[in-house]
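Read the structure below first, then the notes.
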Amino acid sequence: MEILESPPALSGALGGAWSLRPLHASSFCDTWEASQGTLRLFVKSAPRAGAGQLRAEADGLRALAATGCIRVPQVHALTDLAGGGAALAMEWLDFRAPDARFGARFGEAMAALHAHPCPLEPAGFGWRGDNCIGGTPQRNTPLQPASWGGWLQFWGRSRLCPMRDRLPASASALREAVDAVIERMPDLFSDGYQPRPALIHGDLWQGNWDMLADGTPVIFDPAVSCSDPEAEIAMMELFGSPPAGFRAAYEAAGGRWPSPQRMKLYQLYHLLNHVVLFGGGYAVQALQVARALA
């Protein structure tokens, strides 16, 4: 891996000279350990194509941190690089294997986050800028009112429809099934549940949470929006499950678990994203879920 494209830009943002050690590359960025004496930072750098994703990540981390409800990596700097790229520098965190109490602490923290007032003004669903879910653009155009009807419009227009439109031409049956789900969405709230906007991480699978040495839960790599908190839980249940003790603590602190039908509705979005990104068997799984809902 090459050395960071523009070390002077990063050094100028952080102050002083930094030693950069390459770690690994993802589909849109490279990652680095930056050190200066005893100080260490975790740095992501991306060319022009991925710079917007890094800027959105920094915005999401700052928004989550501002709630004071859940620990996230602190953003130290976000700087431009030559050619339109960007670098995001965050505090270096050392993680430990989760202990027996981790799930309960994590559940309490996430319940607090989901109960926190929505930072969008005026209150509604969406966010102050678009971001990415994995490598896929995620539309966050704010939509008011902060009501049941507003939420259905947002989930249809800004989540399911954009993913449907990105499906490959061979997925005509899946596109038709998604349309049928959108038409039926009101029926999935017949239990009287009224979604309210809350700041969610948005991409909270098992690879995006961990634990510090003192037991503190940490979440990272967000795709934030003000959304129904049930959508967060559905993602946590899609590829694996929350850690032991999470659900009991989450519900005891006032959090709500999705109904089986809404669980599928919210998971469908992420399954469609995996069809867009990876294809393969995800198309079969997404079609099964969509037809079960429609």
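So the sequence shown is numbered by our numbering: it starts at 295 and just counts up by one.
For glycine and all other residues, C-beta sits at the position ideal for the given N, C-alpha and C.
{"Item": "Which of helix, strand or coil DSSP assigns to residue 356", "Value": "helix"}
{"Item": "Assigned exposure category for residue 295 - 16 Cβ within 10 Å defines buried", "Value": "Low confidence applies here, because residue 295 scores a pLDDT of 37, under 50, leaving its location unreliable and the question unanswered by this model."}
{"Item": "Residue 458, buried or exposed, once every other Cβ within 10 Å from all chains shown has been counted against 16", "Value": "buried"}
{"Item": "Per-residue DSSP class, three states only, for residue 339", "Value": "strand"}
{"Item": "Nearest-angstrom Cβ-Cβ length linking residue 357 and residue 493, presumed shorter than 8 Å", "Value": "6 Å"}
{"Item": "Sequence-distant residues of the same chain with beta carbon closer than 7 Å to residue 410, five excluded per side", "Value": "361, 363, 492, 493"}
{"Item": "Strand pairing of residue 389, partner residues [DSSP]", "Value": "506"}
{"Item": "Sequence ranges, beta strand (DSSP E) only - wholly within the region 397 to 481, length at least 3", "Value": "425 to 427, 430 to 432"}
{"Item": "Proximity winner among 574, 539, 407, relative to residue 464 (alpha-carbon distances)", "Value": "574"}
{"Item": "Status (buried if at least 16 other CB within 10 Å, exposed otherwise) for residue 375", "Value": "buried"}
{"Item": "Proximity winner among 428, 540, 343, 499, relative to residue 533 (alpha-carbon distances)", "Value": "499"}
{"Item": "One or two residues paired with residue 333 in a DSSP bridge", "Value": "330"}
{"Item": "Residues of its chain near residue 588, where Cβ-Cβ distance is below 7 Å and the 5 sequence neighbours each way are ignored", "Value": "471, 474, 475, 478"}
{"Item": "Given 8 Å, three or more beta-carbon pairs between the region 414 to 421 and the region 436 to 455", "Value": "yes"}
{"Item": "Contained alpha helix (DSSP H) runs [length at least 4] in the region 545 to 585, N- to C-terminal order", "Value": "554 to 572"}
{"Item": "Run of the alpha helix (DSSP H) containing residue 528, from where it starts to where it stops", "Value": "523 to 532"}
{"Item": "Residues near residue 526 by beta carbon distance below 8 Å, same chain, minus five either side", "Value": "404, 408, 494, 495, 496, 498"}
{"Item": "Inter-stretch contact at 8 Å, needing at least 3 Cβ pairs: the region 341 to 360 / the region 376 to 394", "Value": "yes"}
{"Item": "Presumed contact (8 Å Cβ cut-off) between residue 529 and residue 568, rounded CB distance", "Value": "Contact doesn't hold; Cβ gap of about 12 Å is too wide."}
{"Item": "Residue 524 burial status per 10 Å Cβ neighbour count (16 or more: buried)", "Value": "buried"}
{"Item": "Beta bridge counterpart(s) of residue 324 as assigned by DSSP", "Value": "319, 339"}
{"Item": "Buried or exposed (CB count within 10 angstroms, at least 16 for buried), residue 388", "Value": "exposed"}
{"Item": "Contact check, residue 460 vs residue 570, beta carbons under 8 Å", "Value": "yes"}
{"Item": "Residue burial classification, residue 556 (beta-carbon count within 10 angstroms, cutoff 16)", "Value": "buried"}
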